[in-house]
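Undergrad: If you're matching them up, the sequences are chains A and B in order. Positions 10 to 122 (our numbering) are the ones given, in order, by the first sequence. Positions 304 to 415 (our numbering) are the ones given, in order, by the second sequence.
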Amino acid sequence: GNSVTQMEGPVTLSEEAFLTINCTYTATGYPSLFWYVQYPGEGLQLLLKATKADDKGSNKGFEATYRKETTSFHLEKGSVQVSDSAVYFCALSDQAGNTPLVFGKGTRLSVIA
Amino acid sequence: DAGITQSPRHKVTETGTPVTLRCHQTENHRYMYWYRQDPGHGLRLIHYSYGVKDTDKGEVSDGYSVSRSKTEDFLLTLESATSSQTSVYFCAITKGQGDGYTFGSGTRLTVV
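1. Using 8 Å as the cut-off, can you tell me whether the stretch 90 to 101 of chain A makes contact with the stretch 320 to 331 of chain B, which would need three or more C-beta pairs spanning the two stretches below that distance?
2. Under the three-state reduction of DSSP, which class applies to residue 91 of chain A: helix, strand or coil?
3. Among A/12, A/27 and A/17, whose alpha-carbon lies nearest the alpha-carbon of residue 86 of chain A?
4. If I measure Cβ to Cβ from residue 377 of chain B and keep anything under 6 Å in the same chain, skipping five residues before and after, which residues do I get?
5. Taking only the alpha-carbon atoms, compute the straight-line gap between residue 83 of chain A and residue 320 of chain B and give it to the nearest angstrom.
6. Could you check whether the Cβ of residue 37 of chain A sits closer than 8 Å to any Cβ belonging to chain B?
7. So residue 359 of chain B is in the beta strand (DSSP E); what residue range does that whole segment cover?
8. So which residues of chain B does residue 92 of chain A contact, with C-beta pairs closer than 8 Å?
9. So residue 373 of chain B is in the beta strand (DSSP E); what residue range does that whole segment cover?
10. What span of residues does the beta strand (DSSP E) with residue 335 of chain B cover, start to end?
11. Just verifying my parser: in three-state terms, what is the DSSP assignment at residue 408 of chain B?
12. Check whether the stretch 30 to 43 of chain A and the stretch 62 to 78 of chain A are in contact - that is, three or more C-beta pairs closer than 8 Å.
13. Helix, strand or coil for residue 383 of chain B per DSSP?
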């Protein structure tokens, strides 16, 4: 079945550091891929998505590129801020969109000033 | 303003009692979901609905039931709460399963 694997956390970075959170997936065909963010005490929010190979999703300075050849969708940001401290989830929807999203286990990011 | 609300936000209940959590949406979306979030497990799907009276099980459905008698409401019932059901429960909605989800703010349930 479909699955998503994220790098284990927590990740601790200094302000203005470069961020990468790895995400790889297993699925048939061409799934849609998503990154969600969860701030403390809140529900998840959609951060960005990509629906086909080589697409780049971007939002709030975050980017992720859909790499079919490596089945990856790594999240990156060039300069993190304290306000980026949150839990980040990678998720996958199958190609036909017939089944619910499958989520990774989440990666906690802490950014220190 | 997000169009989805969960109630209650917090609840403490005793083992063996029934508990119902409510998810209400104003977006008229077809799909609704219940997830639970636990440390080390991420988000796990309990049940979902693809229309009024149309529901299906997720990966952790044992001990839970759901009902959707109206488009806007999706109820999650713990028939007889156990300590293993202590968790944070999230509801989510979407107009299409290939689209992004909108999540509620969650219900923190403690079973003592």
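The C-beta atom is built at its ideal place from N, Cα and C for all residues, glycine as well.
TA: According to the structure shown:
1. No, they do not touch.
2. Mapped onto the first sequence, residue 91 of chain A falls at position 82. Helix.
3. As a working note, residue 86 of chain A is residue 77 in the first sequence. Minimum Cα distance to residue 86 of chain A is reached at A/27.
4. On the second sequence, residue 377 of chain B is found 74 positions in, with the first residue counted as 1. 326, 335, 352 and 371, listed in sequence order.
5. Within the first sequence, numbered from 1, the residue matching residue 83 of chain A stands at position 74. Within the second sequence, numbered from 1, the residue matching residue 320 of chain B stands at position 17. In a straight line, the C-alpha of residue 83 of chain A is about 43 Å away from that of residue 320 of chain B.
6. Position 28 of the first sequence, counted from the start, is the residue given in the question as residue 37 of chain A. Not closer than 8 Å to any Cβ of chain B, the Cβ of residue 37 of chain A fails to qualify, so no.
7. Position 56 of the second sequence, counted from the start, is the residue given in the question as residue 359 of chain B. From DSSP, the beta strand (DSSP E) with residue 359 of chain B extends over 357 to 360.
8. Stepping through the first sequence from its first residue, residue 92 of chain A is reached at position 83. In chain order: nothing, as chain B lies at least about 19 Å away.
9. Within the second sequence, numbered from 1, the residue matching residue 373 of chain B stands at position 70. Taken as a continuous stretch (DSSP letters only), the beta strand (DSSP E) holding residue 373 of chain B covers 367 to 373.
10. Working through the second sequence from its first residue, we reach residue 335 of chain B at position 32. For residue 335 of chain B, the enclosing beta strand (DSSP E) covers residues 334 to 341.
11. Taking the second sequence and counting its residues from 1, the one referred to as residue 408 of chain B is at position 105. Three-state DSSP puts residue 408 of chain B in coil, outside helix and strand.
12. When Cβ pairs closer than 8 Å are counted between the two stretches, the stretch 30 to 43 of chain A is seen to touch the stretch 62 to 78 of chain A, the count reaching three or more.
13. As a working mapping, residue 383 of chain B is identified with position 80 in the second sequence. Shown here, residue 383 of chain B sits in coil according to DSSP, grouped into three states, outside any helix or strand.
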